[in-house]
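**Q** Take this structure first; my questions come after.
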């Protein structure tokens, strides 16, 4: 599994993931479970690999040239 998510992209995914997960505590009733959607950006941000990017052969990661 290659890293295909850049630094800024990873940071934004982690922030978005935590923001969505906070909905579990802020919302009431069935709507609060929408917060579980935050797991997807959080995990892809922490791991640095996005399956959607891989499928589209896209990457936001900078390639170092030696």
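Residue numbers (the numbering used here): 408 to 473.
Where is the CB? At the ideal position from N, CA and C, for every residue including glycine.
#1: Is the separation between the beta-carbon of residue 445 and that of residue 428 shorter than 7 Å?
#2: Kindly indicate which three-state DSSP category residue 445 falls into: helix, strand or coil?
#3: Check residue 418 in the structure and name its three-state DSSP category.
#4: Helix, strand or coil: how does DSSP classify residue 413 here?
#5: Judging by CA-CA distance, which residue of 462, 448, 442 is the nearest neighbour of residue 415?
**A** The answer reads as follows:
#1: Taking the chain shown and counting its residues from 1, one reaches residue 445 at position 38. Taking the chain shown and counting its residues from 1, one reaches residue 428 at position 21. Contact: yes.
#2: In the chain shown, counting from the first residue as 1, residue 445 sits at position 38. Reduced to three states, the DSSP call for residue 445 is helix.
#3: Position 11 of the chain shown, counted from the first residue, corresponds to residue 418. Helix.
#4: For the purposes of this step, residue 413 is identified with residue 6 of the chain shown, where counting begins at 1. If DSSP states are grouped into helix, strand and coil, residue 413 belongs with coil.
#5: Here residue 415 is taken as the residue at index 8 of the chain shown, counted from 1. Residue 415 has its Cα closest to that of 448, out of 462, 448, 442.
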